[in-house]
Amino acid sequence: MSEDLFKKIISHSKEYGFVFPSSEIYDGLASVYDYGQNGVLLVNNIKEYWWKSMVQMHENIVGIDSAIFMHPKVWKASGHVDAFNDPLIDNKDSKKRYRADVLIEEHIAKIQDKIDKEVDKAAKRFENFDKTMFLTTNPRVVEYAEKIKTIEARFKNALENNDLDDLRQIIIDLEIVCPVSGSKNWTEVRQFNLMFSTQIGSLAEDSDKIYLRPETAQGIFVNFLNVLNTSRQRIPFGIAQIGKAFRNEIVARQFIFRMREFEQMEMQFFIKPGTQKEFYEYWKSQRMAWHQRLGISKEKYKFHDHIKTAHYADAAVDIEFEFPFGFKELEGIHSRTDFDLTQHQNLSGKKLQYFDPELNESYVPYVVETSVGVSRLFLSVLTGAYQVEAMPNNEERVVLKIHPTLAPYKVAILPLVKKDGLPEKAKEIFDSLKLDFYAQYDEKDSIGKRYRRQDAIGTPFCVTIDHQTLEDHQVTIRHRDTMEQTRIPIADLPATIAKHTSWNNLLV
Ligand code: GAP
0 MSEDLFKKII
10 SHSKEYGFVF
20 PSSEIYDGLA
30 SVYDYGQNGV
40 LLVNNIKEYW
50 WKSMVQMHEN
60 IVGIDSAIFM
70 HPKVWKASGH
80 VDAFNDPLID
90 NKDSKKRYRA
100 DVLIEEHIAK
110 IQDKIDKEVD
120 KAAKRFENFD
130 KTMFLTTNPR
140 VVEYAEKIKT
150 IEARFKNALE
160 NNDLDDLRQI
170 IIDLEIVCPV
180 SGSKNWTEVR
190 QFNLMFSTQI
200 GSLAEDSDKI
210 YLRPETAQGI
220 FVNFLNVLNT
230 SRQRIPFGIA
240 QIGKAFRNEI
250 VARQFIFRMR
260 EFEQMEMQFF
270 IKPGTQKEFY
280 EYWKSQRMAW
290 HQRLGISKEK
300 YKFHDHIKTA
310 HYADAAVDIE
320 FEFPFGFKEL
330 EGIHSRTDFD
340 LTQHQNLSGK
350 KLQYFDPELN
360 ESYVPYVVET
370 SVGVSRLFLS
380 VLTGAYQVEA
390 MPNNEERVVL
400 KIHPTLAPYK
410 VAILPLVKKD
420 GLPEKAKEIF
430 DSLKLDFYAQ
440 YDEKDSIGKR
450 YRRQDAIGTP
460 FCVTIDHQTL
470 EDHQVTIRHR
480 DTMEQTRIPI
490 ADLPATIAKH
500 TSWNNLLV
């Protein structure tokens, strides 16, 4: 994993129509991106995977689609007006701005890396290597672990007490330098609210100020009663939503990992108070298994417990993925208690309670939330799929081994040559498939070049029509991952493609 790989993935995304910088002809808009002709298909498939597994596969989860604009009191109640801040620090020499908490977390991650390296080295050296024993007895590793513990305790304390001076002091004490200037010449740390605001109506008065939602979750909370009263759902049940969210991220510069406009796929699971631990564990394991079904190495995923939980949560964990720039948050699972519903109940004056027929009493439900960003998932899929393989004659092929069900196009139809009736036959096959599968027809360039083009966008099947096809009604089907080619009857194409690209492969 490296910066080099990251650069390659970024340029591949652009070259093959997955991701474009926003407003590029005007030099782009920082941390805002557009999906191209292949990217949008991958995005749609990612969202469909999530929606099907949440809403279609769960009798007790329903979906909604709430508006981006909401009453401004929503954000007061949720705590976002007062507490949705990032602690920022500037380096006076490079004039670059950083999140103080991220600088410290990265420092901790570097020490953890050293421990991992020592473990790897020792595991290679000794047969019957006992990792637990090694972690508790090797003096160097114990020293690193102690260091992490001390920093984490102080860091947690500073975050919990909103002690910005100590956050700065931790950075100074750890001798963290600016990656650009290399200097330790830091400003004070100050809080920066991440919400974008705008005005509704024609008057620019304070009461008209509204926000672009920074999370989709609140649209679910304010619709809790509506769904409860209009569906046959009983606790425990969930409400799911996919939609845009906006955050004025200051430390962006991470391609589509951290954007100012992005999409979230969030599900709030409403439960009886006291059962939150059980459902928190349940959703943790469900969500990890969901990611791991995509066929990317399981080693690339891990849980990371939050050092400081958000203002609304009593427990929180990230599913982290090993992006080219290291392990980073892919999805968050939060035990949100009854914080949000209680806050909305208090500020709106409307009862947001559930009458439990078994207990014969009403209560404000507790909530376990799962929340994942579409673009982070997209980047994890690209990272897991991107491979450069050596080919004969010193050539190489770049291939995206995306799970076939998520691949933008399922099949490419390629006449071997542009004459002798092959294009006509190929078009006929293309037309017979395009209703059921995203298919491409391509007759330009050599067959090898056309295969490479499809490999680069992750198309699982290439179907070649040759002269023999006109006689025996068979085609050559080439498998993207193995490059294996087999001859099958045209009539078998739909079933073959369907078998490999069906949602069954991910959902059942
Ligand atoms: N409702 C809870 C919530 O919003 P979060 O941890 O702030 O929690 C949840 O965000 C997920 O949304 C993250 O795990 C990430 O996948 C995605 N996300 C958050 N900020 C993002 C950003 N600036 N760009 C892209 N994705 C983002």
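Residue 0 is where the sequence shown starts when you use numbering that gives the first Met the number 0, and the numbers rise one by one after that.
Yeah, the Cβ is synthetic: ideal placement off N, Cα and C, and Gly gets one too.
For Phe261, the shortest C-beta to heavy atom distance toward the ligand GAP is below 8 Å. Per DSSP, the beta bridge partners of Asp304 are Val316. Buried is the label assigned to Gln267, since at least 16 other Cβ atoms lie within 10 Å of its Cβ. Taking 9 Å as the cut-off, the beta carbon of Ile306 is found closer than this to the beta carbon of Phe154. Non-local C-beta neighbours of Asn37 in its own chain, meaning closer than 7 Å and more than five positions away in sequence, comprise Tyr15, Gly16, Phe17, Pro407 and Ile456, ordered along the chain. C-alpha of Leu224 to C-alpha of Lys276: approximately 24 Å in a straight line.
About 5 Å separates the beta carbons of Arg479 and Pro459, which is inside the 8 Å limit, making them a contact pair.
Residue range Phe236 to Phe245 is occupied by the beta strand (DSSP E) that includes Gly242, with no alpha helix (DSSP H) assigned at that position. Under the DSSP assignment, Leu421 falls in the alpha helix (DSSP H) whose first and last residues are Leu421 to Leu432.
Beta-bridge partners of Met390 (DSSP): Glu394. Counting other Cβ atoms within 10 Å of its Cβ, Pro422 reaches 16 or more and is therefore classed as buried.
Straight-line spacing of the CA atoms in Arg477 and Glu262 works out to 35 Å.
Note on Arg124: under 16 other CB atoms within 10 angstroms of its CB, so exposed under the neighbour-count rule.
Taking a cut-off of 8 Å on C-beta distances, the segment 167-181 touches the segment 94-114, as three or more cross pairs fall below it. With respect to the C-alpha of Ile107, the residue from Gln55, Phe19, Met194 and His303 having the closest C-alpha is His303. Around the beta carbon of Lys116, a 10 Å sphere encloses fewer than 16 other beta carbons of the protein chains shown; the residue is thus reported as exposed.
Residue state for Thr136 is assigned as helix, using DSSP reduced to three classes.
9 Å or more divides the Cβ of Ala312 from the Cβ of His290. As the crow flies, the alpha-carbon of Arg233 is around 24 Å from that of Ala314. The closest heavy atom of the ligand GAP lies 8 Å or more from the beta carbon of Arg286. Taken in chain order, the complete beta strand (DSSP E) segments of 3 residues or longer contained in the segment 20-94 are 32-34, 60-62 and 84-89. Here DSSP, grouped into helix, strand and coil, assigns His333 to strand. The beta carbons of Leu415 and Asp491 sit no closer together than 9 Å.
Take Lys46, set aside five residues on each side of it, and the residues of its chain with a beta-carbon closer than 6 Å to its own are Ile241, in chain order. Spanning the alpha carbons of Leu4 and Gln439 requires a straight line of approximately 28 Å.
In terms of side-chain proximity, the C-beta atom of Ile255 is found nearer than 8 Å to a non-hydrogen atom of the ligand GAP.
Restricting attention to Asn192, Ile209 and Leu193, the CA atom closest to the CA of Gly200 is found in Ile209. About 6 Å separates the CB atoms of Lys146 and Ile110; that is less than 8 Å, so the two are in contact. With respect to Leu163, Glu187 sits close: the two C-beta atoms are nearer than 9 Å. By the C-beta density criterion, Gly237 is buried, having at least 16 other C-beta atoms within 10 angstroms. Apart from sequence neighbours up to five positions away, the residues of its chain that approach Pro272 with a beta-carbon distance below 7 Å are Asp337, Tyr362 and Tyr365, ordered along the chain. The nearest non-hydrogen atom of the ligand GAP is less than 8 Å from the C-beta of Leu329. Ranked by how close their Cα comes to the Cα of Ile219, the residues Leu40, Arg451, Ser65 and Asp430 have Ser65 in first place. Residue pairing of His478 in beta bridges, as defined by DSSP: Phe460. Rounded to whole angstroms, Glu388 and Asp454 show a C-alpha spacing of 11 Å.
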